[in-house]
Each structure stands twice: as C-alpha cells, then as structure tokens.
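Colleague: Residue numbers (the working numbering), protein chains in the order written: chain C, 12 to 405; chain L, 12 to 405.
Just so it is clear, CB atoms sit at the ideal spot from N, CA and C, and this is done for glycine as well.
Protein chains: 2
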Amino acid sequence: MSVEQAAQGRETGIFRSRWVHAPDGVEELEPAELAPGYRAAGVAAGLKGSGATDVGLLSCDAARVSSALLLTRNAAAAAPVRVCRERCDAAGVRGAVVNSGNANAATGERGYRDALAMRDAAAAALACEPRAVAVAETGVIGVPLPIDDLARGIEVACAALSGRGGDEFSRAIMTTDRTPKSCTVRAGGVTLSAQAKGAGMMQPGFATMLCFVQTDAAVAEPDAALRAAVADSFERITVDGQMSTNDTVLMQATGAAGEPLPDGLLDAVLLGLALEIVADGEGATRVGRIEARGAASVAEAELVARAVANSPLVKTALYGRDPNWGRIAQAAGMALAGEELAELGPDAIEAGALACEAAEAEISVTLGRGDAAAHVYFSDLNHEYVRINSEYTS
Amino acid sequence: MSVEQAAQGRETGIFRSRWVHAPDGVEELEPAELAPGYRAAGVAAGLKGSGATDVGLLSCDAARVSSALLLTRNAAAAAPVRVCRERCDAAGVRGAVVNSGNANAATGERGYRDALAMRDAAAAALACEPRAVAVAETGVIGVPLPIDDLARGIEVACAALSGRGGDEFSRAIMTTDRTPKSCTVRAGGVTLSAQAKGAGMMQPGFATMLCFVQTDAAVAEPDAALRAAVADSFERITVDGQMSTNDTVLMQATGAAGEPLPDGLLDAVLLGLALEIVADGEGATRVGRIEARGAASVAEAELVARAVANSPLVKTALYGRDPNWGRIAQAAGMALAGEELAELGPDAIEAGALACEAAEAEISVTLGRGDAAAHVYFSDLNHEYVRINSEYTS
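1. What three-state label does DSSP hand residue 304/L in the structure shown?
2. Determine the direct distance from the alpha carbon of residue 123/L to that of residue 107/L, and round the result to whole angstroms.
3. Can you pull the chain C neighbours of residue 206/L, defined as C-beta to C-beta under 8 Å?
4. Taking only three categories from DSSP, how would you classify residue 312/C?
5. Based on Cα-Cα distance, which residue from 56/C, 44/C and 140/C lies nearest to residue 158/C?
6. Starting from the C-beta of residue 137/L, find all residues in its chain whose C-beta is less than 6 Å away, skip the five residues before and the five after it, and write them out in chain order.
7. Between the segment 225–232 of chain C and the segment 179–192 of chain C, do at least 3 Cβ pairs fall closer than 8 Å?
8. On the DSSP letters alone, give me the boundaries of the alpha helix (DSSP H) that residue 193/C sits inside.
9. Do residue 347/L and residue 376/L have their C-beta atoms within less than 8 Å of each other?
10. Tell me the residue span of the alpha helix (DSSP H) that contains residue 92/L.
11. Three-state secondary structure (DSSP) at residue 165/C?
12. With DSSP run on the structure shown, which of helix, strand or coil describes residue 346/L?
13. For residue 400/L, list the residues DSSP reports as bridge partners.
14. Closer than 9 Å, Cβ to any Cβ of chain L: which residues of the segment 337–348 of chain C, in chain order?
15. Any heavy atom of the ligand SAH closer than 7 Å to the CB of residue 99/C?
16. Rounded to whole angstroms, what's the CA-CA distance from residue 200/L to residue 270/L? Just pull it up for me.
17. At the level of alpha carbons, what is the spacing between residue 290/L and residue 208/L?
18. Let's test the definition: count the other Cβ atoms within 10 Å of the Cβ of residue 382/C and tell me whether it reaches 16, buried, or not, exposed.
19. Am I right that residue 240/C and residue 281/C are in contact with their C-beta atoms under 8 Å? What's the rounded C-beta distance?
20. I need the straight-line Cα distance from residue 326/L to residue 76/C, nearest angstrom please.
21. Please work out which residues of its chain come closer than 7 Å, Cβ to Cβ, to residue 365/C, disregarding the five sequence neighbours upstream and downstream, and give them in chain order.
22. Note down, in chain order, every chain C residue with its Cβ under 8 Å from the Cβ of residue 394/L.
23. On the premise that residue 86/C lies in contact with residue 344/L, defined as a C-beta separation below 8 Å, what is that separation, rounded to the nearest angstrom?
24. Report yes if the C-beta distance between residue 78/L and residue 323/L is below 8 Å; otherwise report no.
25. Go ahead and label residue 96/L buried or exposed: buried means 16 or more other beta carbons lie within 10 angstroms of its beta carbon, across all protein chains shown.
26. Distance cutoff 8 Å, beta carbons only. Does residue 153/L sit that close to anything in chain C?
27. Would you identify the three-state DSSP class for residue 226/L, choosing helix, strand or coil?
28. Does the beta-carbon distance from residue 146/C to residue 126/C come in below 8 Å?
29. How many Å lie between residue 245/L and residue 184/C at the Cα?
30. Fully enclosed by the segment 316–393 of chain L, which beta strand (DSSP E) runs are 3 residues long or longer?
31. With a threshold of 8 Å between beta-carbons, can residue 57/L be considered close to chain C, or not?
32. If you measure between the beta carbons of residue 44/C and residue 175/C, is that distance less than 8 Å?
33. Give the DSSP-derived three-state secondary structure of residue 287/L in the structure shown.
34. Would DSSP call residue 156/L helix, strand or coil?
35. Suppose contacts are defined by Cβ-Cβ distances below 8 Å. Is residue 94/C in contact with residue 130/C by that definition?
36. Applying the 10 Å Cβ sphere with the 16-neighbour rule, what's the burial state of residue 36/L?
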C-alpha cells in the first residue's frame with residue numbers, strides 16, 4: 012500500500028477500516044516478511060483432523076530482546092497460560108510455540124505437564140532457556156495434548172524457520188478463522204510485524220485471541236506500550252461476550268533499528284488486527300461500532316457500550332439491517348438498571364447505520380448523565396454463528 | 012389433572028416440568044376459569060397488524076382486594092411502568108389493562124400521557140378509581156400509541172368481561188409467544204388463576220415478561236409472598252439475557268375464601284409459568300437448568316450460573332446436543348475472572364444431559380470454593396432465534 016493510500020482511504024491492507032488511523036508515512040510490506048531479527052514457521056503436526064497446519068514456532072535471533080506478555084484473566088485459565096504466568100520471563104521472551112488444534116484447557120495436572128513439555132521441546136529446538144519461551148494453545152477444550160506429535164512438529168517447524176515465515180505462522184495459529192490475520196509495516200526507520208487469530212470466544216478483558224508482535228524498534232517500556240495498545244484494540248472488541256481460557260498477546264522488540272516506534276503505529280496495527288478479528292467473528296457479516304456518550308463516568312459509558320454490543324437483539328438487528336433503536340434503549344437501560352435515566356428516544360440514539368448496506372455500521376447512544384464516552388466494536392449474530400457453534404465441538 | 016398426577020409425574024398442565032414441585036392435593040381447572048371474584052376479556056383493537064387480539068382487561072369485583080405489583084428495574088422503563096410506579100396504588104389494584112401490540116417505550120412525554128389516558132379509559136370503563144388500575148404494555152418500542160383505537164378496544168373488552176375469560180385474556184397479552192400461558196388451580200379451599208406472556212427480552216431482575224395472578228385466598232402480605240415466589244421463578248430464568256423495559260407482575264387477592272394460600276402453591280404455579288416462558292423462548296427447542304455449587308457465596312454461585320446460562324456457546328451446545336463441558340468451564344472461569352479457581356475438569360462438571368434427547372437438560376458445575384449454590388433455567392440459541400430477531404422489528 013502506498014503512503015497516499017495509507018494517509019487516505021485505507022482501502023487495502025491492515026488499515027482498511029475507516030476506524031483505523033495510522034500515522035503518516037506507513038509503508039505496508041508483504042505479511043510473510045517478518046521484522047528483521049525474527050524467524051517463524053508453521054507446520055502440520057496432525058492435531059487438526061483436517062491436516063491443516065497447527066503448530067507455529069517463532070524465534071528472535073537478535074543479541075538482545077525485550078518483551079511484554081499479556082494473558083487472559085479467566086479464572087479457568089488453560090495450562091499454557093498458567094505455565095506462562097508461573098514459569099516464563101515475560102520481559103525476556105525470545106521464542107514462542109503455539110498449537111491451534113488443542114487448547115489444553117481443563118486438562119488438569121497432566122495438561123500442565125504437557126504444556127511444560129511443549130515449552131521445553133521448543134526451548135531445546137531453539138537452543139534457548141526454557142523461561143525465555145512462551146507457550147500458547149487454542150482449539151478443543153478438555154482433551155489431553157498429543158505431546159509426542161507436538162514434539163515432532165516443533166522439530167520440523169524449527170528446521171523450517173524463516174524470516175519470511177509470517178504468513179505460514181499466521182495460518183498455523185488459526186482455528187475457525189476464515190482468513191489469516193497478519194501484517195508487516197515499516198515507518199520511521201523501524202519495521203513491525205504482527206500475527207493474530209480470533210473467531211469465537213471473543214470479549215474484553217481482553218478479547219479472546221492470540222496475537223504476536225515483533226519489531227526491531229527500541230521500545231523503552233514494552234509492557235506499558237502493549238497494555239495501552241491492547242486497551243484500545245483487543246479490549247474494545249466483542250464477538251460473543253465470551254472471555255476465553257487461552258488469550259495471549261506477546262510483543263517482542265530488539266531495538267536493533269536504533270529508533271523508537273512512531274507514535275500510534277502499534278495502536279493502529281493492533282486496532283486493525285482487532286477489527287479483522289471482529290469482522291471474522293464466527294459467521295460475522297458486519298461490524299458495528301457503538302459509542303456511549305454523555306455518561307457519568309468512562310466506566311459507566313463502557314458498561315452501556317458493552318451491554319449494547321453484547322445484546323443478541325442488537326446483534327441480530329445489525330445482521331437484519333434493522334435500524335432498531337428501541338433495542339439500543341433497552342440494552343442501555345438494562346446496563347443502568349436502578350439508575351435515573353432520561354428518556355432514550357430517537358433524539359438520543361443514532362441507529363440509522365444499522366440499516367445501511369455498508370459492512371461497518373456506526374451507532375451511538377447519548378445518556379445525558381455527564382461527559383464521559385466509550386466505544387466497543389462488535390459483530391452481528393446470525394445463522395452461521397449458530398451453525399458453527401452447534402455443530403463444532405470446541 | 013388428578014391429584015395423583017399432580018403428586019407424581021406432572022405429565023400435563025402447569026406442573027409438567029420435573030423441576031416443579033406442587034403441594035399435594037392440587038386440582039387443575041380449565042385455564043379459562045378465573046378465581047372467584049374476577050373477570051377478564053381479550054379483544055382485537057387493531058394494534059397488531061395480524062388482527063389477533065391485542066387488548067386484555069382484568070377486573071376484580073369483590074368488595075375488598077389487596078395486591079402486589081412488581082416492575083422492571085430497567086433504567087429505560089416504558090411509560091406504563093412509570094405510570095404504575097408513580098400513579099398507582101400498588102397495594103389496592105382492582106383492575107388491569109394490557110396491550111400487546113405496542114410497548115409504549117421510549118415514546119417520551121406523549122407516551123406517558125398516552126399510558127395515563129389508557130389507564131383512565133380502563134378506570135372509567137370499570138367504574139373504579141384510576142389509581143386502582145394497573146397498566147401494562149408490550150410489543151414494538153418507540154412508536155406512539157394509537158390511543159383512540161385502544162380506548163375503543165377497552166370499551167369492547169369491558170362489555171366482554173367474563174369469569175371464564177382467562178384464556179382470552181392470556182391470548183390477548185401474547186407477542187411472539189407460540190402458545191398462551193395460563194392456569195387455574197384449586198387447593199386447600201382456595202382458587203388461584205394466573206396468566207403470563209414471555210418470549211424475547213428475557214432475563215433476571217426479574218425476567219422480562221408480564222404475569223397476572225388472581226386468588227380468593229387471604230394473603231396477609233401479598234408483596235412479600237409475590238417477591239419470594241418471583242425470586243424463585245421469573246428471576247431464575249433467562250432466554251437471551253435481556254432485561255425488558257416493560258416487565259410487570261401483578262397479584263391480586265380477595266380473601267373471600269377465608270383460607271390462606273397452601274404453602275408452595277404460588278411458588279409452584281409461578282415456576283411452572285416461568286418454565287413455560289423459557290420453553291417458549293424465541294425459537295427455543297430445549298430448556299437447560301444449570302446449578303453452580305461449591306461457591307463462596309450465593310451471589311457468586313448465581314454469577315456463575317448466569318454466565319453459563321447466558322453463554323451463547325453453552326446455549327448453542329444445548330441446541331446441538333453437544334456435551335461440551337469445556338464451554339461451561341470457560342463461562343464459569345469468565346464469571347470469576349481474576350479469582351483463584353481450582354481446575355474445572357470433567358469431575359467438576361456434569362454436562363452429559365446436554366447430549367440427551369430430553370427437552371429438559373440438567374447440568375452443573377462444582378467450584379470447590381465453599382458451600383453455596385444457585386441455579387438458573389435457560390433456553391437454547393438456534394436458527395429460529397436469529398430468524399425471529401433479524402426479521403422482526405420489536
């Protein structure tokens with residue numbers, strides 16, 4: 012994508028949503044190409060019945076790397092999340108291993124041992140400290156991991172590591188995603204590459220997904236930078252209101268380029284990926300953006316925005332192109348149950364975009380209780396969501 | 012239904028769910044027959060395009076009546092709810108007027124005036140104090156009330172009032188309900204009749220619905236009795252997690268029979284109606300009962316039970332007959348985000364009933380955090396829910 016495209020319509024690539032505002036001068040590269048100093052691979056280890064690739068491996072080869080690692084707060088966190096939490100040097104992650112066939116969640120002590128064994132196998136293959144390897148898993152819950160198949164897959168993946176492996180890696184971490192989600196951008200003398208997966212079990216705190224970000228920029232406080240970018244991207248989306256057991260976001264930065272990340276670049280890339288995840292929510296045909304305004308506090312605005320975004324009545328209206336502002340009023344009133352609220356009529360609610368043909372619909376509700384605002388992006392609820400989730404064992 | 016049936020299988024009538032335990036000696040009458048001292052009617056006033064009956068009128072003719080009136084806590088409460096809250100003698104309701112074509116919600120000051128006019132028309136027709144009349148409305152949101160049509164309908168309904176009008180009344184308050192929900196029972200020398208409607212926008216606090224209960228029993232504290240029965244019935248059900256703008260439950264008691272209500276009768280009737288509402292949730296094919304056990308508190312158990320009951324992943328599993336305990340673990344973990352929780356594996360979760368052929372599926376999750384428990388009844392999520400709500404303007 013040209014700089015002109017990036018600065019204007021964002022018709023293609025990661026910045027194509029009108030809700031994404033990338034800094035000027037961003038050049039988009041092929042997503043296969045990783046930021047300098049990183050290699051990745053994706054292979055099929057037989058965990059998916061379909062034979063699709065299901066093991067991803069990521070390695071940083073630079074002399075120095077700093078990192079940040081964000082994990083789900085779900086109290087029933089999966090084994091790999093607990094391993095990362097308890098046994099990983101979150102600030103110094105060099106490699107990551109992912110399987111997308113088995114979430115290794117609700118698998119007990121054996122699951123924990125398996126996740127450790129998976130991590131150790133990756134550390135051995137990458138010749139680095141076990142504590143410098145993050146492990147992430149996604150897929151079916153409650154089924155023991157085929158650890159031998161996985162170990163073999165990791166060896167094959169290690170031999171296939173490539174600086175142009177971004178695309179393979181992003182495909183190897185997909186579950187019910189219809190399309191891979193990845194991008195590589197260059198701006199201000201630095202390169203940033205990122206790969207994500209989403210689909211179902213998608214909701215705040217942050218949204219259920221996996222995401223890996225690599226850059227050669229110098230990032231002074233990776234944890235703060237990543238948290239801020241995630242708060243405005245993955246924490247702003249919902250597909251079905253479900254927080255997963257396996258959410259993981261990893262960012263690595265080598266500093267080899269000797270330049271910082273341009274302001275807004277990480278935020279724009281993560282928001283772009285987050286919106287791709289919503290747009291690819293299970294069965295999704297449209298994306299909505301609900302903004303709650305005039306709230307007494309940001310927390311209240313967010314509560315209302317989430318209630319609207321997660322209302323199956325609003326989500327089916329988004330699908331049916333029904334400008335049904337009454338359902339927005341109902342959801343807002345439910346979120347504020349017991350509070351004083353002025354009448355929410357057509358003057359307070361903009362719902363016309365629900366009816367338009369565009370794939371992105373912007374709606375709002377003005378509460379008349381103060382000056383605070385918050386927004387959430389959400390997908391529609393339709394027959395395909397029901398079909399996927401009533402026929403698919405996750 | 013015979014006493015034996017009532018005591019045993021509950022194969023027919025209001026007590027047919029295995030989760031309903033009526034007191035012994037209950038005789039079930041035709042639902043058309045109201046408790047002595049009450050008359051009702053249902054007529055078509057043209058509010059529904061289909062020509063179906065859409066105005067219900069209810070009157071108590073006894074010399075004395077005491078009542079209790081429970082209303083939605085939705086902050087965007089509809090005009091009739093606000094009229095009831097501000098202008099009604101909740102403890103002395105003699106008559107009730109209902110329309111099921113127009114919710115009169117988010118209709119501004121005009122809506123409030125219209126609800127008052129509707130109530131006053133009913134009071135005039137019934138020749139009683141306006142403050143002794145409750146008004147309830149359900150149907151499309153945000154559209155002005157055709158008050159002239161309604162006033163004419165109320166006059167026609169008044170002329171049609173009958174002690175055998177329970178069935179007509181229950182049909183006249185339906186919206187997307189597939190079947191009317193009403194029953195009349197006799198036990199311990201008293202009679203109790205009740206009519207309800209449900210379908211969409213169904214969730215605690217209490218569940219979205221209308222319900223009217225009439226009895227000739229002497230009820231010392233109708234408000235306390237009704238609140239307790241509602242807490243174990245309508246507040247225990249969810250169809251789509253949506254609290255409506257119009258929820259209303261009215262109970263009237265004349266005391267003419269000179270006997271109290273037998274213990275458990277009101278609770279059993281309301282639970283029976285609540286379960287009929289869940290079973291008739293928009294598109295519902297099955298009902299689930301989730302019990303969360305071993306919680307640190309009842310509030311925590313309820314939080315978990317509701318999270319499971321409202322999870323679209325669990326609801327599609329109920330539809331798809333998928334014994335997917337992993338989704339129960341995920342929802343429970345989400346409800347307890349940030350808390351300490353032991354592994355929720357197959358030992359802690361009973362989900363087998365999801366897979367069975369029965370229309371009622373009983374599942375549970377044991378949290379290992381204490382001794383408290385709570386349960387919630389819920390319907391499945393399926394294609395018909397999507398169809399109804401993407402094609403129907405509510």
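Modeller: This is what the structure gives:
1. For the purposes of this step, residue 304/L is taken as residue 293 along the second sequence, with counting starting at 1. Looking at residue 304/L - three-state DSSP - the assignment turns out to be strand.
2. For the purposes of this step, residue 107/L is taken as the residue at position 96 of the second sequence. For the purposes of this step, residue 123/L is taken as the residue at position 112 of the second sequence. When rounded, the distance between both Cα atoms is 17 Å.
3. Taking the second sequence and counting its residues from 1, the one referred to as residue 206/L is at position 195. What residue 206/L touches in chain C: nothing, since even the nearest Cβ is about 23 Å away.
4. On the first sequence, residue 312/C is found 301 positions in, with the first residue counted as 1. Looking at residue 312/C - three-state DSSP - the assignment turns out to be helix.
5. In the first sequence, counting from the first residue as 1, residue 158/C sits at position 147. Closest option to residue 158/C, Cα to Cα, is 56/C.
6. Along the second sequence, read from residue 1 onward, the residue named residue 137/L stands at position 126. Closer than 6 Å at the Cβ level, and outside the excluded window around residue 137/L, lie 70 and 106.
7. no
8. Indexing the first sequence from 1 puts residue 193/C at position 182. Unbroken run through residue 193/C is the beta strand (DSSP E), 192–198; no alpha helix (DSSP H).
9. Position 336 of the second sequence, counted from the start, is the residue given in the question as residue 347/L. Position 365 of the second sequence, counted from the start, is the residue given in the question as residue 376/L. Taking C-beta atoms as the reference points, residue 347/L and residue 376/L fail to come closer than 8 Å.
10. Within the second sequence, numbered from 1, the residue matching residue 92/L stands at position 81. Bounds of the alpha helix (DSSP H) holding residue 92/L are 90–98.
11. Counting from 1 along the first sequence, the entry for residue 165/C is found at position 154. Helix.
12. What you label residue 346/L is simply residue 335 of the second sequence in a count that begins at 1. In this structure, residue 346/L counts as helix in the three-state DSSP scheme.
13. Position 389 of the second sequence, counting from 1, holds the residue named residue 400/L. Looking at the DSSP assignment, residue 400/L forms no beta bridge with any residue, so it has no partner.
14. 337, 338, 340, 341, 342, 343, 344, 345, 346, 347 and 348
15. Looking for the ligand SAH in the displayed structure turns up nothing, as the structure carries no ligands at all.
16. Residue numbering aside, residue 200/L sits at position 189 when the second sequence is read from its first letter. Residue numbering aside, residue 270/L sits at position 259 when the second sequence is read from its first letter. Answer to the nearest angstrom: the Cα atoms are 7 Å apart.
17. For the purposes of this step, residue 290/L is identified with residue 279 of the second sequence, where counting begins at 1. For the purposes of this step, residue 208/L is identified with residue 197 of the second sequence, where counting begins at 1. Whole-angstrom Cα-Cα distance: 12 Å.
18. In the first sequence, the residue the question calls residue 382/C occupies position 371. Counting Cβ neighbours within 10 Å, residue 382/C comes out exposed, since fewer than 16 surround it.
19. Position 229 of the first sequence, counted from the start, is the residue given in the question as residue 240/C. Position 270 of the first sequence, counted from the start, is the residue given in the question as residue 281/C. So it is a contact: roughly 5 Å between Cβ atoms.
20. By 1-based counting over the second sequence, the position of residue 326/L is 315. By 1-based counting over the first sequence, the position of residue 76/C is 65. When the Cα atoms are used, residue 326/L and residue 76/C turn out to be separated by approximately 44 Å.
21. Here residue 365/C corresponds to residue number 354 of the first sequence, with the count starting at 1. Same-chain partners within the cutoff: 328, 329, 332, 333, 334, 335, 372 and 374.
22. The residue labelled residue 394/L in the question sits at position 383 within the second sequence. Residues of chain C passing the Cβ test: 394, 397 and 398.
23. Residue numbering aside, residue 344/L sits at position 333 when the second sequence is read from its first letter. Residue numbering aside, residue 86/C sits at position 75 when the first sequence is read from its first letter. Going by Cβ atoms, the distance from residue 344/L to residue 86/C rounds to 4 Å, so yes, they are a contact pair.
24. Counting from one through the second sequence, the residue named residue 78/L turns up at place 67. Counting from one through the second sequence, the residue named residue 323/L turns up at place 312. In this structure, residue 323/L does not lie closer than 8 Å to residue 78/L by Cβ.
25. For the purposes of this step, residue 96/L is identified with residue 85 of the second sequence, where counting begins at 1. Its Cβ having fewer than 16 others within 10 Å, residue 96/L is exposed.
26. Counted from its first residue, the second sequence places residue 153/L at position 142. Closer than 8 Å to some Cβ of chain C, the Cβ of residue 153/L qualifies, so yes.
27. Position 215 of the second sequence holds residue 226/L. Residue 226/L falls in the strand class under three-state DSSP.
28. Residue mapping note: residue 146/C aligns to position 135 of the first sequence, counting from 1. Residue mapping note: residue 126/C aligns to position 115 of the first sequence, counting from 1. Cβ atoms of residue 146/C and residue 126/C: closer than 8 Å.
29. Residue mapping note: residue 245/L aligns to position 234 of the second sequence, counting from 1. Residue mapping note: residue 184/C aligns to position 173 of the first sequence, counting from 1. Roughly 43 Å between the two C-alpha positions.
30. 371–377 and 383–390
31. On the second sequence, residue 57/L is found 46 positions in, with the first residue counted as 1. Not closer than 8 Å to any Cβ of chain C, the Cβ of residue 57/L fails to qualify, so no.
32. The residue you call residue 44/C lines up with position 33 of the first sequence. The residue you call residue 175/C lines up with position 164 of the first sequence. Contact check for residue 44/C against residue 175/C passes: the beta carbons are separated by less than 8 Å.
33. Along the second sequence, read from residue 1 onward, the residue named residue 287/L stands at position 276. Helix, per DSSP.
34. Translated into the one-based positions of the second sequence, residue 156/L becomes position 145. Here residue 156/L sits in coil by DSSP.
35. Mapped onto the first sequence, residue 94/C falls at position 83. Mapped onto the first sequence, residue 130/C falls at position 119. Cβ atoms of residue 94/C and residue 130/C: closer than 8 Å.
36. Within the second sequence, the letter at position 25 stands for residue 36/L. Exposed, since its Cβ has fewer than 16 Cβ neighbours within 10 Å.
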